[in-house]
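In the UniProt record's numbering, the protein residues as written are 1 to 422. Comments concern the structure below.
Shown next as structure tokens:
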């Protein structure tokens with residue numbers, strides 16, 4: 001039986017006090033606490049503040065979508081409210097608080113940019129800025145905060161229908177952004193050009209979402225933009241590292257971040273990538289009998305959409321590929337993600353991106369054998385390790401490729417259903 005965010009019978013008995021769901025804090029009460037702390041600041045229809053800058057495009061109703069600027073009731077340096085690069089040492093409650101301060105004035109728009117009017121033009125100007133922009137929004141009614149659980153997009157703050165939106169100062173737009181937006185570049189070319197120039201991916205995601213990239217410019221729902229940008233950069237980095245030599249040893253990396261455990265195994269083999277993920281019992285989307293979900297690719301990449309791990313796959317892959325590219329090496333990669341009950345509210349795929357990135361900066365050790373490397377990972381994870389190995393395509397394939405002589409006396413695990421121990 002799964003442990004959903006809200007279980008009427010269990011929650012009615014618990015009332016948030018007994019923590020019967022096994023989580024360290026009640027996710028429902030936590031949302032109310034956060035909402036109460038910002039309620040007074042947002043109790044008005046007319047808001048003036050400095051947008052981080054931030055825009056949001058919903059996916060519901062596509063190709064007619066909801067789009068709008070996100071403006072806090074605060075002026076000045078507000079970029080920390082919507083910049084995952086500044087959230088390394090923040091708590092889940094911090095993130096929920098930041099997001100609840102960003103008021104979205106939403107309006108309907110056709111995804112085809114040419115069909116939209118003045119307000120979209122203002123939203124696009126905002127999206128191109130690299131610094132907070134003083135903005136003014138007029139809403140039809142006072143904004144309402146509804147927190148819906150989404151694993152991949154950051155939590156959305158209070159919102160209400162937008163009557164008017166205006167930038168009250170000139171946005172700071174880099175010359176290179178102007179060049180890419182006005183040039184006839186395909187979206188992939190534009191994304192890679194900006195990335196290689198050093199623009200961070202969250203800025204690129206915002207540009208893509210606001211319908212500023214590509215030849216036939218269209219609005220792209222924020223959740224789709226995150227995956228599209230991380231997947232595009234990842235594919236390009238994969239093509240690059242295939243030309244580099246393999247690493248020499250088995251390498252293990254590990255990091256804990258916001259209630260998630262990330263272990264990364266690099267093997268001295270040709271490139272392949274796999275993400276193995278488990279939501280432990282008592283975690284947000286956990287079950288009484290947790291199972292391992294996974295997706296993988298070899299040097300050819302994937303032909304179809306990631307089925308089980310969705311946006312987490314592209315976020316984890318990109319962090320490892322960046323680390324390998326910096327070393328000018330390739331490797332066979334397995335990322336283990338274990339989600340604990342401490343991750344009581346989903347805050348977005350950025351935490352996977354950052355968690356794996358931090359893991360890649362924390363080398364546990366280099367090993368001569370796969371068995372030693374797997375032992376180092378097993379000691380740091382909670383879920384029965386053989387369940388990971390049974391589910392892993394990359395480790396199972398590797399085992400089947402090895403001769404018995406190579407494995408004799410070295411490997412005690414069952415990989416791919418074969419006992420290759422001595």
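Quick reminder that beta carbons are idealized off the backbone N, C-alpha and C, glycines included.
Tell me where the alpha helix (DSSP H) around residue i begins and ends.
{"i": "residue 350", "result": "350–359"}
{"i": "residue 295", "result": "No alpha helix (DSSP H) holds residue 295; the beta strand (DSSP E) holding it covers 293–298."}
{"i": "residue 447", "result": "As displayed, the chain neither begins before 1 nor continues past 422, which places residue 447 out of reach and without an answer."}
{"i": "residue 323", "result": "311–327"}
{"i": "residue 195", "result": "187–196"}
{"i": "residue 377", "result": "370–378"}
{"i": "residue 234", "result": "222–241"}
{"i": "residue 176", "result": "175–182"}
Taking residue i as the reference, give the member of the options with the closest Cα.
{"i": "residue 145", "options": "243, 134, 161, 379", "result": "161"}
{"i": "residue 329", "options": "298, 302, 245, 383", "result": "245"}
{"i": "residue 71", "options": "137, 373, 121", "result": "137"}
{"i": "residue 184", "options": "274, 198, 217, 197", "result": "217"}
{"i": "residue 383", "options": "192, 289, 303", "result": "289"}
{"i": "residue 432", "options": "197, 308, 207, 118", "result": "Since the displayed the chain opens at 1 and closes at 422, residue 432 lies outside it and no answer follows."}
{"i": "residue 311", "options": "222, 266, 366", "result": "222"}
{"i": "residue 333", "options": "52, 270, 125", "result": "270"}
{"i": "residue 109", "options": "268, 76, 62", "result": "62"}
{"i": "residue 394", "options": "345, 366, 335, 355", "result": "335"}
{"i": "residue 346", "options": "195, 259, 66, 365", "result": "259"}
{"i": "residue 176", "options": "187, 164, 198, 46", "result": "198"}
{"i": "residue 77", "options": "352, 377, 49", "result": "49"}
{"i": "residue 44", "options": "159, 68, 122", "result": "159"}
{"i": "residue 344", "options": "397, 302, 286", "result": "286"}
{"i": "residue 69", "options": "60, 97, 107", "result": "107"}
{"i": "residue 339", "options": "297, 380, 67", "result": "380"}
{"i": "residue 225", "options": "256, 179, 119, 348", "result": "348"}
{"i": "residue 230", "options": "112, 308, 350", "result": "350"}
{"i": "residue 116", "options": "235, 67, 228, 366", "result": "67"}
{"i": "residue 126", "options": "313, 79, 235, 247", "result": "79"}
{"i": "residue 214", "options": "179, 140, 239", "result": "179"}
{"i": "residue 352", "options": "121, 318, 387", "result": "318"}
{"i": "residue 139", "options": "313, 47, 111", "result": "47"}
{"i": "residue 297", "options": "235, 247, 356", "result": "235"}
{"i": "residue 313", "options": "301, 274, 322", "result": "274"}
Pull up the CB-CB distance for residue i and residue j, whole angstroms please, since I reckon it's below 8 Å.
{"i": "residue 316", "j": "residue 337", "result": "7 Å"}
{"i": "residue 430", "j": "residue 306", "result": "There is simply no residue 430 to check, as the chain begins at 1 and stops at 422 in what is shown."}
{"i": "residue 320", "j": "residue 278", "result": "The Cβ separation is near 19 Å, so there is no contact."}
{"i": "residue 173", "j": "residue 128", "result": "5 Å"}
{"i": "residue 341", "j": "residue 276", "result": "Actually they do not touch by this definition, with Cβ atoms about 19 Å apart."}
{"i": "residue 114", "j": "residue 157", "result": "Going by Cβ atoms, the distance from residue 114 to residue 157 rounds to 30 Å, so no, they are not a contact pair."}
{"i": "residue 209", "j": "residue 57", "result": "5 Å"}
{"i": "residue 460", "j": "residue 143", "result": "Residue 460 lies beyond the stretch modelled for the chain, which goes from 1 to 422, so this question has no answer here."}
{"i": "residue 299", "j": "residue 326", "result": "At roughly 20 Å, the Cβ-Cβ gap does not stay under 8 Å, so residue 299 and residue 326 are not in contact."}
{"i": "residue 233", "j": "residue 195", "result": "5 Å"}
{"i": "residue 237", "j": "residue 124", "result": "Actually they do not touch by this definition, with Cβ atoms about 28 Å apart."}
{"i": "residue 134", "j": "residue 75", "result": "7 Å"}
{"i": "residue 219", "j": "residue 65", "result": "6 Å"}
{"i": "residue 190", "j": "residue 267", "result": "At roughly 34 Å, the Cβ-Cβ gap does not stay under 8 Å, so residue 190 and residue 267 are not in contact."}
{"i": "residue 295", "j": "residue 308", "result": "5 Å"}
{"i": "residue 324", "j": "residue 257", "result": "Not really, about 20 Å apart at Cβ, beyond 8 Å."}
{"i": "residue 423", "j": "residue 385", "result": "Residue 423 lies beyond the residue range present for the chain, which begins at 1 and ends at 422; the question has no answer from this structure."}
At what residues does the beta strand (DSSP E) containing residue i begin and finish?
{"i": "residue 461", "result": "What the structure shows of the chain is the stretch from 1 to 422, and residue 461 is not part of that stretch, so it cannot be assessed."}
{"i": "residue 164", "result": "159–167"}
{"i": "residue 285", "result": "Looking at the DSSP string, residue 285 is not in any beta strand (DSSP E), and its letter there is neither H nor E."}
{"i": "residue 306", "result": "Neither: residue 306 is in no beta strand (DSSP E) and is coded neither H nor E."}
{"i": "residue 211", "result": "Per DSSP, residue 211 belongs to no beta strand (DSSP E) and is neither H nor E."}
{"i": "residue 277", "result": "272–279"}
{"i": "residue 336", "result": "332–339"}
{"i": "residue 387", "result": "Segment 385–391 is the alpha helix (DSSP H) holding residue 387; no beta strand (DSSP E) there."}
{"i": "residue 156", "result": "Where residue 156 is concerned, there is no enclosing beta strand (DSSP E), given that its DSSP letter is neither H nor E."}
{"i": "residue 263", "result": "260–267"}
{"i": "residue 364", "result": "363–367"}
{"i": "residue 51", "result": "46–51"}
{"i": "residue 57", "result": "55–57"}
Between the segment 89–98 and the segment 162–174, can you find at least three pairs of beta-carbon atoms closer than 8 Å? no
For the 8 Å Cβ check, are there 3 or more pairs between the segment 360–380 and the segment 251–271? yes
Tell me whether the segment 224–244 and the segment 358–369 touch, counting them as touching only if at least three CB pairs, one residue from each stretch, are closer than 8 Å. no
Along the chain, which unbroken stretches of the beta strand (DSSP E) at least 3 residues long are found entirely within the segment 63–142? 64–71, 103–110, 133–139
Check whether the segment 43–56 and the segment 102–116 are in contact - that is, three or more C-beta pairs closer than 8 Å. yes
Would the segment 79–88 count as touching the segment 188–203 if we require 3 or more Cβ pairs under 8 Å? yes
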